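Note sheet for the following structure.
Protein chains: 2
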Amino acid sequence: MRHRLKDVAERAGVSVKTVSNVVNGYVHVRPDTRARVEEAIAELNYRPNLSARHLRKGRTGVIALAVPELDIPYFAELARHVVTAAAEYGWTVLIDQTGGRREQERVVASGISDHLIDGLIFSPLALTAEDLASLDGTPMVLLGERVDHGPADRVVIDNVTAAREITEHLIQLGHRRIAAIGSQRTDEGASARLRLAGYVEALRAAGLAYDETLVAPATAWHRADGAAAMRGLLTTGVRPDAVFCFNDTLALGALRALHEAGLRVPEDVAVVGFDDIEDGRFSVPTLSTVAPDKEQIARLAVELLASRLDGDRSAPARALKAPYHLELRESTRA
Amino acid sequence: MRHRLKDVAERAGVSVKTVSNVVNGYVHVRPDTRARVEEAIAELNYRPNLSARHLRKGRTGVIALAVPELDIPYFAELARHVVTAAAEYGWTVLIDQTGGRREQERVVASGISDHLIDGLIFSPLALTAEDLASLDGTPMVLLGERVDHGPADRVVIDNVTAAREITEHLIQLGHRRIAAIGSQRTDEGASARLRLAGYVEALRAAGLAYDETLVAPATAWHRADGAAAMRGLLTTGVRPDAVFCFNDTLALGALRALHEAGLRVPEDVAVVGFDDIEDGRFSVPTLSTVAPDKEQIARLAVELLASRLDGDRSAPARALKAPYHLELRESTRA
DNA sequence: GACCACTTCTGCAACGTTGTAGAGCGGGGT
DNA sequence: ACCCCGCTCTACAACGTTGCAGAAGTGGTC
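Protein sequences appear in the order of chains L and C.
Counted the way the working numbering counts, the first sequence spans residues 11 to 344.
Counted the way the working numbering counts, the second sequence spans residues 11 to 344.
Okay, here's the thing in structure tokens:
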């Protein structure tokens with residue numbers, strides 16, 4: 011059923027190695043020999059056994075992308091771009107879900123390597139710097155903002171500045187009681203911490219008081235958490251006139267809760283998110299948000315990984331910044 | 011850096027094969043030998059080379075999931091369930107995007123196999139029966155409804171009946187001018203054809219005329235296409251009083267277009283979708299839809315693949331039906 | 001015609017693992 | 001005392017591929 015180099019070689023009347031040479035595009039093969047071999051390959055529908063090739067070469071041509079959850083739109087969109095960018099390097103992408111659980115993230119970061127993958131692009135939530143330090147050297151690129159995760163390449167966006175800018179946008183529109191949804195107390199909430207810091211910076215710079223009752227925590231960042239947090243904010247007395255949600259799904263949940271409470275967006279309460287997921291362009295109202303350049307993030311991550319694989323594996327870690335911009339839509343129209 | 015069985019064997023003072031036996035849980039190993047080996051494994055942080063193991067065993071422990079696009083929520087949610095279900099069999103899932111393009115789908119269906127994967131779960135849009143027939147035997151499970159795709163296992167839901175039921179729901183609510191969004195003329199639109207058939211069946215059964223001007227095509231099924239189609243329907247004279255969108259993203263786009271046109275949902279126009287994606291539970295209004303049991307679809311697909319891998323590869327193809335139900339929400343409230 | 005350089009092709013070994021066959025040992029039954 | 005069996009472990013070969021070293025053939029130069 012499945013044929014090997016040997017079968018092709020016998021059929022073409024050449025050695026195994028010559029077939030291998032043809033398959034790999036070695037130049038010093040006579041045209042007629044090449045033709046005979048190619049014919050045999052076609053007739054037998056020969057395909058190389060990648061396991062064997064990889065065993066021999068020490069490379070697999072597969073990289074892994076590990077994200078918390080695939081059905082979080084941000085990660086799905088990111089995954090798409092990573093797969094596309096990796097294809098340009100001839101890589102296949104193996105996608106892993108960690109659920110954001112530390113144990114699973116550790117398994118992925120170490121165990122998954124097992125010579126099955128050449129490298130890893132990793133968006134960790136719970137992993138600590140020590141976990142990473144303990145890994146032997148599967149080349150790895152981290153996505154996201156954990157400030158303390160030791161010596162690995164990574165691609166980040168400037169969360170603090172982005173959060174400050176989108177908050178400033180709300181302030182410029184005249185909002186004064188600006189709530190935040192999505193804060194997290196645990197170590198896992200690195201993004202949350204940085205975005206909260208940007209929010210606080212903007213308030214301070216505008217001379218607005220930081221009011222802790224306006225900051226709603228959210229353990230997960232799903233729509234349901236955003237809706238619940240918004241409902242909570244609405245029942246605590248004075249209503250905010252704007253809300254900065256730390257990602258778009260939270261914001262979409264918040265929009266929903268505001269709708270249920272009979273409040274208009276942006277007239278009664280303005281809403282902004284973070285991530286610029288597709289949904290936010292079609293929600294009612296459409297969602298103002300921070301738009302990280304996901305394509306660029308994916309491209310940079312793949313390039314970092316490629317240069318790490320081809321180059322010096324002990325070179326110092328690099329951190330690249332990906333651009334973002336504010337995408338202002340109906341949920342903050344003046 | 012990276013250690014092999016041989017290194018462990020030397021350190022533990024046993025043969026390579028004994029280490030292999032320990033790693034694979036072979037029972038006839040003396041406890042003290044086992045302990046020594048395990049200690050050596052731990053000290054060296056040994057991990058098996060999967061390429062070598064797979065070369066030897068002929069199995070890779072990797073299956074592929076091929077979908078048109080990862081950032082279509084339905085496929086992302088499905089992917090999540092497939093990854094989870096596959097994990098129970100100890101499989102890793104490699105995810106491929108075909109973009110729905112026939113050429114890419116053919117590459118995935120044949121080329122990708124290349125001994126890298128044991129099997130494939132495949133959601134094809136454009137692939138023809140001949141394409142499939144020409145493949146040598148990588149075990150494959152097809153998802154979805156193409157009626158004509160030859161002898162491969164597949165998991166389907168009853169699209170025609172589901173579409174009829176959701177249309178009947180609209181009819182029962184008193185709607186009479188029921189539009190449909192998402193029809194496709196090409197061969198690729200198997201789902202579209204079946205859902206249209208169910209829609210027509212329901213109209214016929216209720217004695218309603220089938221009006222072609224109420225059926226809007228959509229080449230892709232993204233939000234933007236749904237919005238465009240809805241705008242088109244609104245400008246063609248008599249306004250429909252309900253719309254059946256062939257998937258949820260189309261429906262979310264349609265909701266957006268209705269909102270822009272100043273029409274209320276469901277008071278002026280009722281809307282239903284298909285797929286039950288997360289977004290539809292938080293949109294304004296929430297979306298009535300056909301909810302296929304995605305977890306079940308994924309589980310059945312993985313099980314079919316498993317039984318094909320372990321069992322008779324030439325057994326007749328099986329088609330399993332996954333359940334669905336109607337999820338009625340605000341967009342069709344009476 | 002001797003030499004050299006280049007082209008074309010080949011055989012061997014090795015990548016790290018596991019299946020098979022079997023060696024050595026000790027215990028229990030006769 | 002002998003045989004047999006089961007336990008424990010080992011040696012070897014093989015999975016399909018490619019790097020390396022080199023053999024054979026071709027043609028050009030002095």
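All residues carry an ideal CB built from backbone N, CA and C; glycine is no exception.
Computed from a predicted structure; not experimentally measured.
Please check the pair residue i and residue j, which I expect to be a contact at CB under 8 Å, by giving their CB distance rounded to whole angstroms.
i: Leu262 of chain L; j: Val279 of chain L; result: About 14 Å separates the two Cβ atoms, so there is no contact after all.
i: Val37 of chain L; j: Val47 of chain L; result: Between Val47 of chain L and Val37 of chain L the Cβ distance is about 14 Å, and since that is not below 8 Å, they are no contact.
i: Leu319 of chain L; j: Pro161 of chain L; result: 17 Å between Cβ atoms; not a contact.
i: Leu130 of chain C; j: Ala74 of chain C; result: 5 Å
i: Val93 of chain L; j: Ile307 of chain L; result: So it is not a contact: roughly 13 Å between Cβ atoms.
i: Ile176 of chain C; j: Val281 of chain C; result: Their Cβ separation, rounded to whole angstroms, is 11 Å, which puts Ile176 of chain C and Val281 of chain C out of contact at 8 Å.
i: Val151 of chain L; j: Ala311 of chain L; result: 5 Å
i: Ile191 of chain C; j: Ala228 of chain C; result: 6 Å
Helix, strand or coil, according to DSSP, for residue i in the structure here?
i: Ile191 of chain L; result: strand
i: Leu204 of chain C; result: helix
i: Tyr99 of chain C; result: coil
i: Pro161 of chain C; result: coil
i: Thr28 of chain C; result: helix
i: Leu126 of chain L; result: coil
i: Pro227 of chain L; result: strand
i: Glu277 of chain C; result: coil
i: Leu152 of chain C; result: strand
i: Leu135 of chain L; result: coil
i: Tyr209 of chain L; result: helix
i: Pro326 of chain L; result: coil
i: Gly290 of chain C; result: helix
i: Val248 of chain C; result: coil
i: Val33 of chain C; result: helix
i: Thr342 of chain C; result: helix
i: Thr196 of chain L; result: coil
i: His91 of chain C; result: helix
i: Asp320 of chain L; result: helix
i: Arg309 of chain L; result: helix
Tell me which same chain residues have a C-beta within less than 6 Å of the C-beta of residue i, skipping the five on either side of it?
i: Ala216 of chain C; result: Ile181
i: Ile167 of chain L; result: Pro302, Ala332 and Tyr334
i: Val77 of chain C; result: Phe85 and Ser133
i: Pro295 of chain C; result: Val275, Glu340 and Ser341
i: Val7 of chain L; result: A query on residue 7 of chain L cannot be resolved here, the shown segment of chain L reaching from 11 to 344 and no further.
i: Ala189 of chain L; result: Leu224, Leu243, Pro250 and Val253
i: Ala173 of chain L; result: Arg205, Gly208 and Tyr209
i: Val29 of chain C; result: Leu15, Val18, Ala19 and Val47
i: Ala50 of chain L; result: Val18, Arg21 and Ala22
List the endpoints of the continuous beta strand (DSSP E) containing residue i.
i: Val47 of chain L; result: That residue, Val47 of chain L, is in no beta strand (DSSP E); its alpha helix (DSSP H) goes Pro41 to Leu54.
i: Val300 of chain L; result: Ser298 to Pro302
i: Ala76 of chain C; result: Val72 to Val77
Could you check where the alpha helix (DSSP H) with residue i kicks off and where it finishes?
i: Gly129 of chain L; result: Element bounds for Gly129 of chain L: not the alpha helix (DSSP H) but the beta strand (DSSP E), Gly129 to Phe132.
i: Val170 of chain C; result: Asn169 to Gln182
i: Gly110 of chain L; result: Note, Gly110 of chain L: premise wrong, no alpha helix (DSSP H); not H, not E.
i: Gly263 of chain C; result: Asp258 to Glu270
i: His335 of chain L; result: Careful: His335 of chain L lies outside any alpha helix (DSSP H), inside the beta strand (DSSP E) at Tyr334 to Glu337.
i: Ala216 of chain C; result: Looking at the DSSP string, Ala216 of chain C is not in any alpha helix (DSSP H), and its letter there is neither H nor E.
i: Ala239 of chain C; result: Arg233 to Thr245
i: Ala62 of chain C; result: Leu60 to Lys67
Give me whichever residues DSSP pairs with residue i in a beta bridge.
i: Val18 of chain L; result: Beta-bridge pairing links Val18 of chain L to no other residue.
i: Gly283 of chain L; result: L:Thr299
i: Ile105 of chain L; result: L:Leu75
i: Phe254 of chain L; result: L:Ala190 and L:Val282
i: Gly166 of chain L; result: Looking at the sequence provided, one finds Val at residue 166 of chain L rather than Gly. DSSP lists L:Lys331 as partners of Val166 of chain L.
So, at 8 Å on beta carbons, what are the nonlocal neighbours of residue i in its own chain, with the 5 sequence-adjacent residues on each side left out?
i: Gly199 of chain C; result: Ser193
i: Glu80 of chain C; result: Strictly speaking, residue 80 of chain C in this sequence is Leu, with Glu absent from that position. So the qualifying residues of the chain are Ala86, Ala89, Ile105 and Gln107.
i: Val24 of chain C; result: Thr43, Arg46 and Val47
i: Arg233 of chain L; result: Thr259, Leu260, Leu262, Gly263 and Arg266
i: Val248 of chain C; result: Arg187
Can you determine whether any heavy atom of the ligand NAD sits closer than 7 Å to the C-beta of residue i, and answer yes or no?
i: Gly71 of chain C; result: The ligand NAD is not part of the structure shown, which contains no ligands of any sort.
Got a sec? Which residues, its chain only, sit under 7 Å from residue i by beta carbon, not counting five neighbours each side?
i: Arg328 of chain C; result: Asp163 and Leu314
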